[in-house]
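Position 167, counted from 1, in the sequence shown is what this note's numbering calls 289; the numbers after and before it change by one each time, with no gaps.
All C-beta atoms in this analysis are idealised placements derived from N, C-alpha and C, irrespective of residue type, glycine included.
This structure is a prediction, so every number in the text was calculated from the model and none was measured.
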Amino acid sequence: MPADERFEDVVDPVDGTRWRIDVGFLESSWTCLWGDGCQGILDEPAAHLMQGCCSVGAEMLDEDEAMLVAALGATLEPEQLQHHAEAAEHGFFSDDTRTNTRVVDGACIFFNRPGFPGGVGCALHRAAEAAGEPVIDWKPEVCWQLPLRIDRDGDTATLRRWSRADWGSDGETMHWCCTERPSGPDQADAYVGDRPVIESLAEEIEALVGTDVMVEITRRGGRRRGGG
């Protein structure tokens with residue numbers, strides 16, 4: 123397990139869920155390396171593609187999320203979405219089940235490639251920022267949750283980072299597992315952020331654990347840092 127992994131328990135006063143929170147990760151300096159050394163999730167390191175986690179289609183949480191993504195995608199103009207014509211002709215999803223976004227030329231249909239005049243990266247992410255709205259309201263849940271993971275067991279929920287162990291034996295050789303310290307020369311160290319995760323991913327964490335639990339873990343962190 124990561125050397126700084128450290129859990130604390132917080133009980134949600136609303137529904138009684140016992141949250142086990144990896145405060146070691148939330149207080150760490152991890153930061154997303156997209157566009158700044160991220161090697162991507164392909165079989166070989168590919169930082170130059172700037173695809174990050176977008177090399178595969180995003181899996182939808184349910185039909186409601188698929189409807190939301192489709193509706194938001196339909197608001198994008200050709201200047202915002204590189205594969206606008208592809209989406210107009212074939213839709214945003216890989217098939218009629220609408221469970222995954224379509225992959226076009228080796229990446230998610232919403233991913234704008236380097237050199238696109240409208241800007242590289244997720245078109246939904248960029249559109250949310252341009253509209254001054256939370257990114258988590260626009261992107262599929264699986265996209266904005268990373269690098270956070272939730273495990274549930276009855277009334278207990280664990281919020282932690284993804285780790286190599288989550289991918290079994292394949293995790294041993296993953297050059298892109300940025301939530302653990304680099305284990306090879308083709309990896310960049312993601313623990314270089316200028317803010318703790320509890321601040322940089324505040325919206326995402328609160329969306330996952332709820333306001334009351336978020337307030338409590340923030341309060342505890344402030345107390346540990348000498349803030350009362």
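Count the other CB atoms within 10 Å of the CB of residue i; is the residue buried (16 or more) or exposed (fewer)?
i: P239; result: exposed
i: V331; result: buried
i: H170; result: exposed
i: V337; result: exposed
i: I339; result: buried
i: A287; result: exposed
i: H205; result: buried
i: G348; result: exposed
i: G89; result: Here the chain comprises residues numbered 123 to 350, so residue 89 is not present and cannot be evaluated.
i: G426; result: Residue 426 lies beyond the range of the chain shown here (123 to 350); nothing can be said about it.
To the nearest angstrom, how far is the alpha carbon of residue i from that of residue j?
i: I163; j: G228; result: 12 Å
i: C299; j: V136; result: 35 Å
i: V242; j: R235; result: 5 Å
i: T317; j: N222; result: Correcting the residue type first, residue 317 is Arg in the shown sequence and not Thr. Going from the Cα of R317 to the Cα of N222 covers about 33 Å.
i: Q202; j: A210; result: 14 Å
i: R346; j: L148; result: 13 Å
i: F233; j: C244; result: 5 Å
i: P256; j: G157; result: 20 Å
i: D184; j: V264; result: 11 Å
i: F312; j: W260; result: This sequence places Ala at residue 312; Phe is not what is there. For A312 and W260, the distance between alpha carbons rounds to 25 Å.
i: W289; j: M296; result: 9 Å
i: A196; j: L268; result: 25 Å
i: A168; j: D218; result: 31 Å
i: S285; j: W141; result: 19 Å
i: F215; j: L246; result: 15 Å
i: G174; j: A180; result: 12 Å
i: Q309; j: G146; result: 22 Å
i: V314; j: R303; result: 11 Å
i: D134; j: P200; result: 44 Å
i: T333; j: R220; result: 31 Å
Do residue i and residue j have their C-beta atoms within less than 8 Å of each other?
i: R274; j: T301; result: no
i: L198; j: A249; result: yes
i: V132; j: V335; result: yes
i: M172; j: P262; result: no
i: C176; j: C230; result: yes
i: E326; j: L270; result: yes
i: D144; j: E166; result: no
i: R342; j: E130; result: yes
i: R224; j: G213; result: yes
Could you check how far apart the C-beta atoms of residue i and residue j are, in whole angstroms? I think they sit under 8 Å.
i: V226; j: E208; result: 5 Å
i: I258; j: W266; result: 5 Å
Would residue i count as contacting chain B if we go by Cβ distances under 8 Å?
i: R235; result: Checking the listed chains, one finds no chain B in this structure; it contains a single protein chain.
message = Whether or not the segment 274–293 and the segment 188–195 are in contact is what I'm after, with contact meaning three or more pairs of Cβ atoms, one per stretch, closer than 8 Å; do they touch?
response = The answer is no - the segment 274–293 does not touch the segment 188–195, with fewer than three Cβ pairs under 8 Å.
ask   = Do the segment 311–331 and the segment 147–160 meet, that is, are 3 or more Cβ pairs less than 8 Å apart?
value = yes
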